[in-house]
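Below is one structure, written out as structure tokens; the observations come after it.
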Amino acid sequence: MTISQLLHSNLPFADGSLGPLAKAAFIGLSIVLVTEVFKALTKRSPYENIPGPEPSSRTMGYLVDMHDPDNLDFHFKMTERFGHVARLKGGLFGSDALYISDPLALHSILVKDQYSFPESTEFSGLFGVIHHGDQLASVKGEEHKKQRKLMNPVFTAAHVSKLSPLFHRIAKELHDRLKAEVKANPGATLDILDRLTRTALELISQGGIGHTFNSFDKDSKSFQEFHEALKDVLPSASHLFFILPFLDSWRKKEPVWLRRFIANLAYVIPWPALRRFKKSVDTMHPVCASVFQNKKELFDEGGIAALANTASGGRDITTLLMQANSEADEEDRLSDETVIANMSSIVLGGQETTSGAMSRLLDLMTLDTDLQQWLREEINEAVAKKNGEPLDFYELNALPRLDATCREALRLFAPVTFVWRETKKDIVLPLQYPITDAKTGNEIREISIREGTAVYVGMGALNRSTALWGPDAAEFKPQRWMGQQAFESTVDKIKTPGIFSNIMTFLGGGRACPGMKFALLEIKTVMSVLLPTFRFEKTEATVAWRLGLTLSPYVKGKEQEGPQVPMKVSLIGPLAKAALIGALIVLVTEVFKRLTKRSPYENIPGPKPSSSMLGYVVDLHDPDSVDFHFKMTERYGHVARLTGGLGGSDALYIADPLALHSILVKEQYSFPESKEFRGLFGIIHHGNQVGSVWGDAHKKQRKLMNPVFTAAHVSKLSPLFHRIVAEFRDRLKLEVKANPGATIDILDRLTRTALELISQGGIGHTFNSFDDSKEFHVFHEAMKDVLPAASKLFFLHPFFESWRNSEPVWLRRFVANLAYVIPWPTLRRFKEAVDTMHPVCAKVFYEKKALFDEGGIAALANTASGGRDLATLLMQANAEADEEDRMSDETVISNMTSIVFGGQETTSGAMSRVLDLMALDPELQQWLREEINEAVAQKNGEALDFYELNALPRLDATCREALRLFAPVTFVWRQAQKDVLVPLQYPIIDTKTGKEIREIMIHEGTTVYVGISALNRSKALWGPDAAEFKPQRWMGHQAYESTLDQIKTPGIFSNIMTFLGGGRACPGMRFALLEIKNVMSALLPAFRFEKTDAIVDWRLGITLSPYVRGKESEGPQVPMKLTLIDDKN
26 MTISQLLHSN LPFADGSLGP LAKAAFIGLS IVLVTEVFKA LTKRSPYENI
76 PGPEPSSRTM GYLVDMHDPD NLDFHFKMTE RFGHVARLKG GLFGSDALYI
126 SDPLALHSIL VKDQYSFPES TEFSGLFGVI HHGDQLASVK GEEHKKQRKL
176 MNPVFTAAHV SKLSPLFHRI AKELHDRLKA EVKANPGATL DILDRLTRTA
226 LELISQGGIG HTFNSFDKDS KSFQEFHEAL KDVLPSASHL FFILPFLDSW
276 RKKEPVWLRR FIANLAYVIP WPALRRFKKS VDTMHPVCAS VFQNKKELFD
326 EGGIAALANT ASGGRDITTL LMQANSEADE EDRLSDETVI ANMSSIVLGG
376 QETTSGAMSR LLDLMTLDTD LQQWLREEIN EAVAKKNGEP LDFYELNALP
426 RLDATCREAL RLFAPVTFVW RETKKDIVLP LQYPITDAKT GNEIREISIR
476 EGTAVYVGMG ALNRSTALWG PDAAEFKPQR WMGQQAFEST VDKIKTPGIF
526 SNIMTFLGGG RACPGMKFAL LEIKTVMSVL LPTFRFEKTE ATVAWRLGLT
576 LSPYVKGKEQ EGPQVPMKVS LIGPLAKAAL IGALIVLVTE VFKRLTKRSP
626 YENIPGPKPS SSMLGYVVDL HDPDSVDFHF KMTERYGHVA RLTGGLGGSD
676 ALYIADPLAL HSILVKEQYS FPESKEFRGL FGIIHHGNQV GSVWGDAHKK
726 QRKLMNPVFT AAHVSKLSPL FHRIVAEFRD RLKLEVKANP GATIDILDRL
776 TRTALELISQ GGIGHTFNSF DDSKEFHVFH EAMKDVLPAA SKLFFLHPFF
826 ESWRNSEPVW LRRFVANLAY VIPWPTLRRF KEAVDTMHPV CAKVFYEKKA
876 LFDEGGIAAL ANTASGGRDL ATLLMQANAE ADEEDRMSDE TVISNMTSIV
926 FGGQETTSGA MSRVLDLMAL DPELQQWLRE EINEAVAQKN GEALDFYELN
976 ALPRLDATCR EALRLFAPVT FVWRQAQKDV LVPLQYPIID TKTGKEIREI
1026 MIHEGTTVYV GISALNRSKA LWGPDAAEFK PQRWMGHQAY ESTLDQIKTP
1076 GIFSNIMTFL GGGRACPGMR FALLEIKNVM SALLPAFRFE KTDAIVDWRL
1126 GITLSPYVRG KESEGPQVPM KLTLIDDKN
């Protein structure tokens, strides 16, 4: 039968106008086919010297083995068998291809020379047909750059993180339905793939395109139809692999109506795979088109706000893409058809791969109940810290065990095993791992790839390479990721081009998967919701993961039933362990130690405790007994014994310069922070920050922290500080103008200012403190409460250090949360404050880290500090540090909390104290005002920078004197780790013999209180006027020359102890001084400050806090009257 007869007998309208056109199309296709076969037959392989697998079919070549659904080892063991570059023989009708899994070669293919290796025509054609258009995966060159330019910002952490509440709601619905199902059928076997497929479709449809298929409703027709299409499209496409090379040119053929007509012949041709493929494609596209048109109508009417009532609340990826598209320049804008094609791509790409990844993860967990419990403990602990609230994007990413497990599962079982690329020009690629020439036996260190060569990127192969990951590369070991950077998990710390965790699962370069963060949030959210409630167990069924375009699970012997992952799911019983017994044991043990220990300090003078039972702790922490500290040296000398009472050991109160030099400098590692201090601040900051660690851990952190706080870095914050202070001054001016003569709580205004200075300058975040924002009020209340509350819990401080390190973690968290139900207001306030501060800093950190990881420090230029804040510099220093010097994310977050907490509380108090002192002395104000005005005039009204502020002698002297006389922190603790003999500057008198003591032996375990204020006010050091405020004492000479006998103390600032000394001195000294001087230089030229009738008492806590006498219940405040300078002139 001739071709003409065949056409006339099989095509409709054979005798009409369509016959010749169909005939021409068929002949055209035949010519294309013959041409392609001829080219392949006459082309000789340039890769004969590269080893590779022998194809099982000489006719079809490597295609059969490459796509064999039951031959995963072809990919998984490629590097082990043939090396990281392998030749794939094309057979009778095809050219040879290359299978590449070499890290260096892939860096060229995916990154350096990515535009020389576009998606293959097979890949572009297939996904162009599936999605009915030119979406991101099926375009190349400039069109790809254009789409990527719009798509990349939509998938950033900042946008994806906002989907956390939506994802949790969907995962919770899965949880509740699964729980009801398990309760109704205990012991039954469930297909977890079905449940996770429904969940993944809702996650990607609501989060991706803002639409719901009501997937959890088993009677939902829209779900059933769309799910069938999604389930069939890729498996059926994998059976069409030998027509894939023609799809890209086919989908662009004209006229369109003829192409569509011929495509519809798939419904009558007896080829089941083709029919299923066509039916799937025709089901998916109209749904996405309809959703788009509905969204577009709303968007055109009212913008993104009009989409607030859609499934995603207007936060889905498509809505953001539509918004970005509408705001783009005309030449960068995508057509409606392209947006719809990308919507289809988002749903298909996200649903198929994510449901498979989640199912694989649970399938792995059924093999290891200990792994489930390991993860369950971590999740329970994190949820307990949030009082049962769901974990958000950043909190999920901060769970190291869950993160490690996800990384390992995605490494070992990437949903997509390989992708194609096509070589557009001859190119030479270097190799990380040389291969052996199959003909000469010589080593090949680079390969020349010819134009037109198909290159297969072996994602699964590189992820399992024993050369890269070690001999256990094929084993599932989440622990390989714990406590180190991703590339450090490899044998030789070799980096791959993969954008995620040094693995190739999400590819790399400009064509890497943009939905990586989206997918990880889906997986982690589902795991965090399911694992605390369910146990997962294997059944007798054997699940084999078969190769398609993605990996799909089939039960052996039941392949015809389609993909499934059967497992047994059971509920975890409630945990009801009373854990207070553990705390009581710790308490009794500590008391017993103290009762059996005799004091070696009976011959040292000191105050008699007001409580025989509790000893010195009552007087030491008495909020109304500041004189206990201020007059310690005058009453008892520079070393005093603190009697411990019935249940405690004696301690020492030391304010001797020479003794403190030993304690803080010479023997500093023998005197770490006391366990009370470490425990308290370890709990406040949720981790081991620089103030709560000692020894090598402290040296390691200090090594990274010190350079961040240098004058060179801090000085760059001057413009930022001036902007914040100018805003404060201008608002204060308006307030004073509106209410002349009114009394203003200057502490409140300075607290807001200090929080903005330390939050923007310290961690690159703003609380919008001047706007009465909710975030400010919540955080400020926590900051305001935590230290006063902690000071009233002083008798618990000795137990905090061992408590915060006790195991198991979930039990510790459970007991800690009892603070919310125990009728003890102080403990409750302390717990609420701690639980408020840490999540804020964690969120800021992970937002910064996401930007930093994407674009380095330059990517943080648009943050509150412009990337100059201390936390950003610390992150940069941390990233550049050697492996052994690097901090964990949790440690950086703890230090961020410490920066904000330490900087805000002390600085706002110090600034309020300076103004409180000035309010007593108008002449002092004028003396400073003249100096500041003169300096500003010399700069023609420009703001003074760091160095110019430090060059103002009057302002500098006033700050020094205020910080000497009223150090924000009155004392700190240290604890002796060994017996140390300490010399004394000022001898003390032995109470038993009356002899002079010139050195004391401090015994191991002794608590040493460093009397900061006591030494700052010592008459022996500063003279008889030591208790008087005299800025002039600092004028015209070096700091130590202001002392009576020019004696040097170990203090790092101005010979006073306010910022301590030695390795544990306050690193933020320059930062704090810049804050104070900036504020004073802005306020004094604008305002006069006057006292009111109110009496302000500065009461002792961990810092000094001001209270109006008779109004203590109203909290800290410093009322004063302000008048504008202009109003007086």
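Using our numbering, the letters of the sequence shown correspond one by one to residues 26 to 1154.
Cβ coordinates follow ideal geometry from the N, Cα and C atoms, glycine included.
- Residue state for glutamate 967 is assigned as coil, using DSSP reduced to three classes.
- At a Cβ-Cβ threshold of 8 angstroms, isoleucine 371 and isoleucine 195 do not count as neighbours.
- Restricted to the region 750-779, the beta strand (DSSP E) segments that are unbroken, complete and at least 3 residues in length are 768-770, listed in chain order.
- With the rule of 3 Cβ pairs closer than 8 angstroms, the region 452-470 counts as touching the region 74-83.
- Within a 10 Å sphere around the beta-carbon of valine 293 sit fewer than 16 other beta-carbons, which makes this residue exposed.
- Going by C-alpha positions, asparagine 1103 is about 12 angstroms away from arginine 1095.
- As computed with DSSP, arginine 112 is found in a beta bridge with Leu123.
- In the three-state reduction of the DSSP assignment, aspartate 1015 falls in the coil class, being assigned neither a helical nor a strand state.
- Pairing serine 1130 with glycine 891, the inter-Cα distance amounts to about 33 angstroms.
- When the alpha-carbon of glycine 720 is set against those of Asn731, Glu698, Phe734 and Lys741, the nearest one is in Glu698.
- The beta-carbon distance between glycine 673 and tryptophan 828, rounded to whole angstroms, is 18 angstroms. This is too long to meet the 8 angstroms contact definition.
- Between the beta-carbon of proline 1092 and that of asparagine 731 there is about 6 angstroms, and that keeps the pair under the 8 angstroms contact cut.
- About 7 angstroms separates the beta carbon of glycine 232 from that of phenylalanine 543, a gap short enough to meet the 8 angstroms contact definition.
- Here phenylalanine 561 carries a strand assignment [DSSP, helix/strand/coil].
- Listed in chain order, the non-local C-beta contacts of leucine 1006 below 7 angstroms within the same chain comprise Glu1024 and Met1026, local neighbours out to five positions each way being set aside.
- Looking at the backbone, the Cα of proline 634 and that of histidine 646 are separated by about 12 angstroms.
- By the criterion of at least three beta-carbon pairs nearer than 8 angstroms, the region 1030-1042 is not in contact with the region 943-958.
- Less than 8 angstroms separates the beta-carbon of glycine 786 from that of leucine 742.
- Counting only runs that start and end inside the region 187-259, the beta strand (DSSP E) elements of at least 3 residues fall at 214-216.
- The Cβ neighbour count for threonine 1018, taken over all protein chains shown within 10 Å, is under 16; the residue is labelled exposed.
- Counted as a single uninterrupted DSSP element, the alpha helix (DSSP H) harbouring leucine 940 occupies residues 914-943.
- According to DSSP, residue pairing for threonine 1148 in a beta bridge involves Arg1113.
- Around the beta carbon of lysine 450, fewer than 16 other beta carbons lie within 10 angstroms, which makes this residue exposed.
- With a cutoff of 8 angstroms on beta-carbon distance, glycine 670 and leucine 639 are scored as near each other.
- Between the region 705-717 and the region 917-927 there are three or more inter-stretch CB-CB distances shorter than 8 angstroms, so the stretches are counted as touching.
- The alpha carbon of threonine 558 has as its nearest neighbour, out of Pro588, Leu1109 and Ile597, the alpha carbon of Ile597.
- Given a length threshold of 4 residues, each whole run of the alpha helix (DSSP H) inside the region 390-444 is given here in chain order: 394-410, 418-422 and 425-437.
- Per the coordinates, the alpha-carbon of phenylalanine 801 lies some 25 angstroms from the alpha-carbon of leucine 1125.
- Of all C-beta pairs linking the region 657-668 to the region 1008-1015, three or more are shorter than 8 angstroms, placing the two stretches in contact.
- Counting every other CB atom within 10 Å of its CB across the protein chains shown gives tyrosine 972 a total below 16, marking it as exposed.
- By the criterion of at least three beta-carbon pairs nearer than 8 angstroms, the region 464-474 is not in contact with the region 410-426.
- Around the beta-carbon of lysine 809, 16 or more other beta-carbon atoms lie within 10 Å, marking it buried.
- Distance from leucine 123 to leucine 113 at the Cβ level is roughly 7 angstroms; contact confirmed, criterion being Cβ atoms closer than 8 angstroms.
- The secondary-structure analysis by DSSP pairs tyrosine 579 across a beta bridge with Ala569.
- Distances from the alpha-carbon of lysine 410 to those of Arg1058, Arg837 and Ala1090 put Arg837 closest.
- Within the same chain, Cβ atoms closer than 7 angstroms to the Cβ of glutamate 471 are found at Val453, Leu454, Pro455 and Leu456, the five residues on either side in sequence being excluded.
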